[in-house]
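Reading through the structure tokens given below for one structure.
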Amino acid sequence: MSNSYRPVLWNKNKYAYDAVLIVAVIAYIYLFLRIAPSFHDVTRPVETPILRMRAFGSCAFLMLTLILCIGPLARLDRRFLPLLYNRRHFGVLTCIVAFVHATYVINWYYVFSPTNKYVALLNSNVSFGQVLGFPFELFGVFSLLVLIVLATTSHDFWLSFLTPKIWKTLHMGIYVAYASLVAHVAFGYFQNTTNSFFGFVFLGGALLVTGLHFVTARRESKQDGSSAGSAGMVPVCPVDELQNKRGRVVVLPDGERAAVFLYDGKIPAPGMATNTGRKTVAHHPPLRKRFQPIDWRWKTVSC
Amino acid sequence: MSANGYDGFFVGWGKKLPAGLPPFLIVSVLFMAGLFAGTAFSFVITQNNPGDGAFRFDIGRQTVIGVLEARPYPVIHVSPNDKYPDGHSIMLTGQGKRGVMQQAKSLDGQQVQARGVLLKRGALDMLQVAGRMKPAGGEIQPVDVTDLGTWRLSGEICDGKCYAGAMRPGTGLAHKACANLCIIGGTPAVFVSKGEVDGSSFFMLSDEQGNPLDDRLFGITAVLLSAEGQIEKRGDLHLFKINPDSVQVQ
Numbered sequence: 313m314s315n316s317y318r319p320v321l322w323n324k325n326k327y328a329y330d331a332v333l334i335v336a337v338i339a340y341i342y343l344f345l346r347i348a349p350s351f352h353d354v355t356r357p358v359e360t361p362i363l364r365m366r367a368f369g370s371c372a373f374l375m376l377t378l379i380l381c382i383g384p385l386a387r388l389d390r391r392f393l394p395l396l397y398n399r400r401h402f403g404v405l406t407c408i409v410a411f412v413h414a415t416y417v418i419n420w421y422y423v424f425s426p427t428n429k430y431v432a433l434l435n436s437n438v439s440f441g442q443v444l445g446f447p448f449e450l451f452g453v454f455s456l457l458v459l460i461v462l463a464t465t466s467h468d469f470w471l472s473f474l475t476p477k478i479w480k481t482l483h484m485g486i487y488v489a490y491a492s493l494v495a496h497v498a499f500g501y502f503q504n505t506t507n508s509f510f511g512f513v514f515l516g517g518a519l520l521v522t523g524l525h526f527v528t529a530r531r532e533s534k535q536d537g538s539s540a541g542s543a544g545m546v547p548v549c550p551v552d553e554l555q556n557k558r559g560r561v562v563v564l565p566d567g568e569r570a571a572v573f574l575y576d577g578k579i580p581a582p583g584m585a586t587n588t589g590r591k592t593v594a595h596h597p598p599l600r601k602r603f604q605p606i607d608w609r610w611k612t613v614s615c
Numbered sequence: 002m003s004a005n006g007y008d009g010f011f012v013g014w015g016k017k018l019p020a021g022l023p024p025f026l027i028v029s030v031l032f033m034a035g036l037f038a039g040t041a042f043s044f045v046i047t048q049n050n051p052g053d054g055a056f057r058f059d060i061g062r063q064t065v066i067g068v069l070e071a072r073p074y075p076v077i078h079v080s081p082n083d084k085y086p087d088g089h090s091i092m093l094t095g096q097g098k099r100g101v102m103q104q105a106k107s108l109d110g111q112q113v114q115a116r117g118v119l120l121k122r123g124a125l126d127m128l129q130v131a132g133r134m135k136p137a138g139g140e141i142q143p144v145d146v147t148d149l150g151t152w153r154l155s156g157e158i159c160d161g162k163c164y165a166g167a168m169r170p171g172t173g174l175a176h177k178a179c180a181n182l183c184i185i186g187g188t189p190a191v192f193v194s195k196g197e198v199d200g201s202s203f204f205m206l207s208d209e210q211g212n213p214l215d216d217r218l219f220g221i222t223a224v225l226l227s228a229e230g231q232i233e234k235r236g237d238l239h240l241f242k243i244n245p246d247s248v249q250v251q
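Top line first, the protein sequences correspond to chains L and Z. First residue of the first sequence: 313, per my numbering; consecutive thereafter. First residue of the second sequence: 2, per my numbering; consecutive thereafter.
Structural data, given as structure tokens:
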């Protein structure tokens, strides 16, 4: 028995999701570079490469902010779940946009010099001892490296290969990347601009992400507390409360979440599901391993 | 049923969205599109004005003749002529983030001819030298030097080339690393002051002995600071002999 992986399991919703994303990014960049500058009251326009790095950098920041809002929004209101569905592609596109930003920065500020541009990136600003002028570039480098690792591993193969626990831990690195990105902006452009609108968007975005996570965490901690069970057994709900073809989420004693499904009048238990060959579980064989330490008492039962 | 009345169940690979979901998604997407568009537009139109500095490729390569002064950074003091009736002091730089200090050393104090592309920002001129400068012969006019006394100025240390228009904007923290690379490469370091001295808010920098900028100051380029030093007017260019020990980052 083996699993086969395809780059993307395309379907109608993924096509629509990606189309909206790509159109939105192109529209943002086009507006930023082509339309808005004609309304900018300046003696001479901002240099094109600098405008481009600002366009892609701000776009990446907004995209990452939005990505981190989707999770809590989907928990607070299930109507946001379609945005969560293809979030991996959103993340990969964000990584590409951030990479373009970095490319413009490196090929503008660090070239035309006797020093190699990558060496210059690391050693041309070493003011580590001061807040104003701190090497904010390194925060950006770190964020980009994390985004690249996450984008590369955003596939079921890596989920299976690394096991869900390691994969999830790795992908929680997105919060570290975001914190580093906030520092990148805070120590860089934000320190230097008198542009209050930018300050509003930047602080508003960072506070929105923090606030949504805080609200969701508070709400879910209450729910999680009510479903915690005793050793070996995890109460879920009375069998007749399960709806056909739907799952019921339950928090396991170790804090992980699992779902119990009612399907065709049967309740598959995760430990046995792979033997039944059911499609919903067969795609995630590592799930079986994760559940093994728990003494599962459920069996496939008829309702 | 949830509090908002929605009881659908979204299946990613499903062919049909649950009832009530499409209008919500359309409104959400439109809201986000509007947010992105508004942000892009507002971000651009509220950027700081980067000034009028620019490469003057439009007027072609320029040839200037005058007395070359190699320290702290190469400057050519053009004698009065048709183009500059009162004479003019023009800073010199090389291609990219390179200066022309090596070349200027052997020509220090001589009448030289330099050719290249002009960078201009207000009254500030800089020549990006193409090829080699050569002795021009002719009478050597002494450079007028006026001591304007000791001043404390608030402002920013930048590289003269980017500030003059090689980059727009050529100031600020985002430009700090570039400014360091330029100054290390030999491009004239300059001080852009918040206030004016003798009608100028722009000063070429040197240490107290008139040598190139002290290495200790590379860490505080592109940040707002105040510093004390003697100001001299050499030709029509102002020189700020900064005292590194007096620097206070603001």
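Backbone N, C-alpha and C define an ideal beta-carbon position, used for all residues, glycine too. Please read these numbers as outputs of a predicted model, since none were measured by experiment.
The continuous beta strand (DSSP E) containing residue 63 (chain Z) extends over residues 63–70. The stretch 192–244 of chain Z is shown to contain whole beta strand (DSSP E) runs of 3 or more residues at 201–207, 226–235 and 238–243, in chain order. Interface annotation for the stretch 179–202 of chain Z against chain L: 179, 181, 182 and 186, criterion Cβ-Cβ distance under 7 Å. Residue range 558–563 is occupied by the beta strand (DSSP E) that includes residue 560 (chain L). In the DSSP annotation of this structure, the continuous segment of the alpha helix (DSSP H) that includes residue 458 (chain L) starts and ends at 449–464.
The three-state secondary structure of residue 80 (chain Z), taken from DSSP, is coil. Scanning the stretch 80–113 of chain Z from its first residue to its last, the whole beta strand (DSSP E) runs of 3-plus residues come out as 89–94.
Taking 8 Å as the cut-off, the beta carbon of residue 190 (chain Z) is found no closer than this to the beta carbon of residue 120 (chain Z).
The CB of residue 504 (chain L) comes closer than 7 Å to the CB of 173, 174 and 175 in chain Z, given here in chain order. Residue environment analysis places residue 549 (chain L) among the exposed positions, since fewer than 16 neighbouring C-beta atoms fall within 10 angstroms of its C-beta. In the structure shown, residue 406 (chain L) falls within a helical segment according to DSSP collapsed to helix, strand and coil.
Per the C-alpha coordinates, the member of Z:228, Z:125, Z:56 and Z:222 positioned closest to residue 97 (chain Z) is Z:56. For the pair residue 154 (chain Z) and residue 128 (chain Z), the CB atoms are not nearer than the 8 Å cut-off. Neighbours of residue 33 (chain Z) in chain L, taken as residues whose beta carbon is under 8 Å from its own, are 336 and 378 in chain order. For residue 128 (chain Z), the enclosing beta strand (DSSP E) stretches over residues 125–130. Around the C-beta of residue 68 (chain Z), 16 or more other C-beta atoms lie within 10 Å, and the residue is accordingly described as buried. Leaving aside the five residues that flank residue 525 (chain L) on each side, the residues in its chain whose CB is nearer than 7 Å to its CB run, in chain order, 384. In the DSSP assignment, residue 155 (chain Z) falls within the beta strand (DSSP E) that extends over 146–160. Taking a cut-off of 8 Å for Cβ pairs, the stretch 126–142 of chain Z and the stretch 168–183 of chain Z do not touch, as fewer than three such pairs fall below it.
Residue-level contact check: residue 534 (chain L) does not touch chain Z, since none of the beta carbons of chain Z fall below 8 Å from its beta carbon.
Note on residue 212 (chain Z): under 16 other CB atoms within 10 angstroms of its CB, so exposed under the neighbour-count rule. Contact annotation: in the stretch 400–426 of chain L, residues whose CB is within less than 9 Å of a CB in chain Z are 417, 420, 421, 422, 423, 424, 425 and 426. Taking the Cα of residue 492 (chain L) as reference, the smallest distance to any Cα among L:520, L:463, L:319 and L:455 is reached at L:455. Think of a sphere of 7 Å around the beta carbon of residue 43 (chain Z): the chain L residues whose beta carbon falls inside it are 509, in chain order.
Apart from the 5 residues on each side of it in sequence, residue 555 (chain L) sits with its Cβ closer than 8 Å to the Cβ of 574 in its chain, given in chain order. Residue 40 (chain Z) sits away from residue 562 (chain L), with the two beta carbons spaced by 8 Å or more. Between residue 53 (chain Z) and chain L, the shortest Cβ-Cβ separation is below 8 Å.
Across the stretch 85–108 of chain Z, CB contacts with chain L closer than 9 Å involve 96, 97, 98 and 99, in sequence order along the chain. Taking a contact as a CB-CB distance under 8 Å, the pair residue 208 (chain Z) and residue 242 (chain Z) counts as one, their CB atoms being some 7 Å apart.
Runs of the alpha helix (DSSP H) spanning 4 or more residues and lying entirely within the stretch 455–517 of chain L occur at 468–474, 476–483, 485–499 and 501–504, in chain order. In the structure shown, the three-state DSSP call for residue 54 (chain Z) is coil. The three-state reading of DSSP puts residue 249 (chain Z) in strand, counting E and B together.
Annotation: residue 240 (chain Z) to residue 424 (chain L) spans about 27 Å, alpha carbon to alpha carbon. Residue 575 (chain L) has L:578 as its beta-bridge partners, per DSSP. Residues of chain Z with a Cβ closer than 9 Å to the Cβ of residue 522 (chain L) do not exist, since the nearest Cβ in that chain sits about 18 Å away. The beta carbon of residue 447 (chain L) lies closer than 6 Å to those of 437 in the same chain, with the five residues before and after it left out.
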